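Student: First to last, the protein sequences are chains A and B. Each residue of the first sequence is one higher than the one before, starting from 189 at the first, in our numbering. Each residue of the second sequence is one higher than the one before, starting from 189 at the first, in our numbering. We put the CB at the ideal spot given by N, CA and C, even for glycine. Since we're looking at a predicted model, the values are computed, not measured.
Number of protein chains: 2
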Amino acid sequence: MTEGLLKSQLAKKHLKLTRQREIILDAFLKNDHITAEDLYSQISNGNIHLGLATIYRTLNLLCELGIGQQRHFGDSKVLYDNVLNKKHHDHLICIQCGKITEFECPDIEKIQEEMAERNCFVLERHRLELYGHCKDTEKCHAS
Amino acid sequence: MTEGLLKSQLAKKHLKLTRQREIILDAFLKNDHITAEDLYSQISNGNIHLGLATIYRTLNLLCELGIGQQRHFGDSKVLYDNVLNKKHHDHLICIQCGKITEFECPDIEKIQEEMAERNCFVLERHRLELYGHCKDTEKCHAS
DNA sequence: TTTGTTGCAAAAATTTTGCATTGTT
DNA sequence: AACAATGCAAAATTTTTGCAACAAA
Chain A
189 MTEGLLKSQL
199 AKKHLKLTRQ
209 REIILDAFLK
219 NDHITAEDLY
229 SQISNGNIHL
239 GLATIYRTLN
249 LLCELGIGQQ
259 RHFGDSKVLY
269 DNVLNKKHHD
279 HLICIQCGKI
289 TEFECPDIEK
299 IQEEMAERNC
309 FVLERHRLEL
319 YGHCKDTEKC
329 HAS
Chain B
189 MTEGLLKSQL
199 AKKHLKLTRQ
209 REIILDAFLK
219 NDHITAEDLY
229 SQISNGNIHL
239 GLATIYRTLN
249 LLCELGIGQQ
259 RHFGDSKVLY
269 DNVLNKKHHD
279 HLICIQCGKI
289 TEFECPDIEK
299 IQEEMAERNC
309 FVLERHRLEL
319 YGHCKDTEKC
329 HAS
């Protein structure tokens, strides 16, 4: 299913389906947000060796195909967000444990449209990140 | 006035007021958002030479003092946002001309609080960026 | 067989750090 | 005099690129 997807997406651009691309897509889709380096480690742990450059190239390719999206979240490293079969969403990031939760909020998006218009601006896309403390684990319950 | 501010802020931390720090603060406050590299160029153009490392160190210091804040905006370079005497604000970024406009929106912030709560999350801060096309100049009016 | 892809190492790009020297308090 | 800051060059970090060998169409 995903293999088929990848293949057809690649075919459109006259690109080739390689074993490496299959491996990377598979690993990528098992995560919600991951860095190139971490994906590299995950794949290495499965005793498959791929060059880090290939990971970067493929991750960027997945973004072009609309399967991934780059995010920052204040870190120096880029996180690749798996957006396959997902609607647009924003993120809650726990400052303490690093947990990332996705959410949607049509109400906010509506107001954003208004804000854009008020500023003579045609909105294309947005990025909203909420940082705070999650109450999920003991170490994360808010003070 | 700003000199006094800088001096007193530094004194609190047993840090010293140097000519370089004055120059950098002055230049920084003339901008709303700027990269370290660009600030370096601006200062160089005034025929003053400072090391780039000093710019970085001082910009980071200004962030610790609450005068600046780091931002990403999707670029690889960090933008330093001048927040002296400003309330919290978010940003509209023009994809075409790069223009950055600041805005506030209490309505959105209210909903953010609700979203955080609904997700068992204590909100600390947020980051909202709207990307699109501004209608200000000919080259930027939306299609 | 043609063209795209990989792996590696080297390069790029951005930011930080070590250290001797200099400047502030 | 004591301590912090600067400048420079070197290092660190993250990502991209060139190119020869290889694999897919």
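1. Would you mind telling me which residues of chain A sit closer than 8 Å to K274/B, beta carbon to beta carbon, in chain order?
2. Classify M189/A as helix, strand or coil using the three-state DSSP reduction.
3. Does G320/B get closer than 8 Å to chain A when you measure Cβ to Cβ?
4. Return the CA-CA distance between T223/B and G256/A, expressed in angstroms with no decimal places.
5. Let me make sure I understand the geometry here. Which of E302/A, H321/A and V310/A has the alpha-carbon closest to that of E305/B?
6. Ignore the nearest five residues each way along the sequence and tell me which others in L318/B's own chain have a CB closer than 6 Å to its CB.
7. Can you pull the chain A neighbours of E312/B, defined as C-beta to C-beta under 8 Å?
8. Is any beta-carbon of chain A found at less than 8 Å from that of I299/B?
9. Got a sec, what are the start and stop residues for the beta strand (DSSP E) L247/A sits in?
10. Show which residues of chain A have a CB atom less than 7 Å away from the CB atom of T289/B.
11. Please confirm whether I296/A has its beta-carbon closer than 8 Å to some beta-carbon of chain B.
12. On the three-pair Cβ rule with 8 Å, is the stretch 199 to 212 of chain B touching the stretch 256 to 272 of chain B?
13. May I have the straight-line CA-CA distance separating S232/A from V266/A, to the nearest angstrom?
14. Show which residues of chain A have a CB atom less than 7 Å away from the CB atom of H260/B.
15. Can you pull the DSSP bridge partners for Y319/B?
16. A304/A CB to nearest chain B CB: under 8 Å?
17. Going by other Cβ atoms of all chains shown within 10 Å of its Cβ, with 16 needed for buried, is H314/A buried or exposed?
18. Do you know offhand how far E301/B's Cα is from Q230/A's?
19. Nearest by alpha-carbon distance to E290/B: which of I212/B, I243/B, F309/B and H276/B is it?
20. Which of helix, strand or coil does DSSP assign to F216/A?
21. Considering only the alpha carbon of each residue, which of D295/A, Y268/A and L311/A lies closest to Q284/B?
22. Which residues of the stretch 237 to 271 of chain B have a Cβ closer than 7 Å to any Cβ of chain A? Give them in chain order.
Tutor: So, from the data block:
1. Your numbering for residue 274/B matches position 86 in the second sequence. Simply none; closest approach about 17 Å.
2. Walking along the first sequence from the start, residue 189/A turns up at place 1. Here the model assigns M189/A a pLDDT of 46, short of 50, so the residue's position is not dependable, and the following value carries that caveat. Of the three classes helix, strand and coil, the one that applies to M189/A here is coil, per DSSP.
3. Taking the second sequence and counting its residues from 1, the one referred to as residue 320/B is at position 132. Chain A contact via Cβ: present.
4. Translated into positions along the second sequence, residue 223/B becomes position 35. Translated into positions along the first sequence, residue 256/A becomes position 68. Roughly 28 Å separates the two Cα atoms.
5. What you label residue 305/B is simply residue 117 of the second sequence in a count that begins at 1. With respect to the C-alpha of E305/B, the residue from E302/A, H321/A and V310/A having the closest C-alpha is H321/A.
6. Locating residue 318/B in the second sequence gives position 130, counting from the first residue. Taken in chain order, the residues that qualify are L280.
7. On the second sequence, position 124 is the one that residue 312/B refers to. Chain A residues near E312/B: I283, Y319, G320 and H321.
8. As a position in the second sequence, residue 299/B is number 111, starting the count at 1. Answer yes: the Cβ-Cβ gap between I299/B and chain A drops below 8 Å somewhere.
9. Reading the first sequence from its first residue, position 59 is the one you call residue 247/A. From DSSP, L247/A is part of no beta strand (DSSP E) but of the alpha helix (DSSP H) over L240 to E252.
10. The residue labelled residue 289/B in the question sits at position 101 within the second sequence. Result: N307.
11. The residue given as residue 296/A occupies position 108 in the first sequence. Chain B, which has a Cβ nearer than 8 Å to the Cβ of I296/A, makes this yes.
12. Verdict: no, contact absent.
13. For the purposes of this step, residue 232/A is taken as residue 44 along the first sequence, with counting starting at 1. For the purposes of this step, residue 266/A is taken as residue 78 along the first sequence, with counting starting at 1. Using only the alpha carbons, I get a separation of about 20 Å.
14. Along the second sequence, read from residue 1 onward, the residue named residue 260/B stands at position 72. Within chain A, the residues placing a beta-carbon under 7 Å from that of H260/B are H260, ordered along the chain.
15. The residue given as residue 319/B occupies position 131 in the second sequence. R313/A and I281/B, per the DSSP bridge assignment.
16. Within the first sequence, the letter at position 116 stands for residue 304/A. Taking Cβ atoms only, chain B reaches closer than 8 Å to A304/A, which makes this a yes.
17. Residue 314/A sits at position 126 when you count from the first residue of the first sequence. By the neighbour-count rule (16 or more Cβ atoms within 10 Å), H314/A is buried.
18. For the purposes of this step, residue 301/B is identified with residue 113 of the second sequence, where counting begins at 1. For the purposes of this step, residue 230/A is identified with residue 42 of the first sequence, where counting begins at 1. Using only the alpha carbons, I get a separation of about 35 Å.
19. As a working mapping, residue 290/B is identified with position 102 in the second sequence. Looking at the Cα atoms, H276/B is the closest of the given residues.
20. Position 28 of the first sequence, counting from 1, holds the residue named residue 216/A. It is helical.
21. On the second sequence, residue 284/B is found 96 positions in, with the first residue counted as 1. Taking only the C-alpha atoms, the option nearest Q284/B is L311/A.
22. Listed in chain order, the positions of the stretch 237 to 271 of chain B with a beta carbon within less than 7 Å of a beta carbon of chain A are H260.
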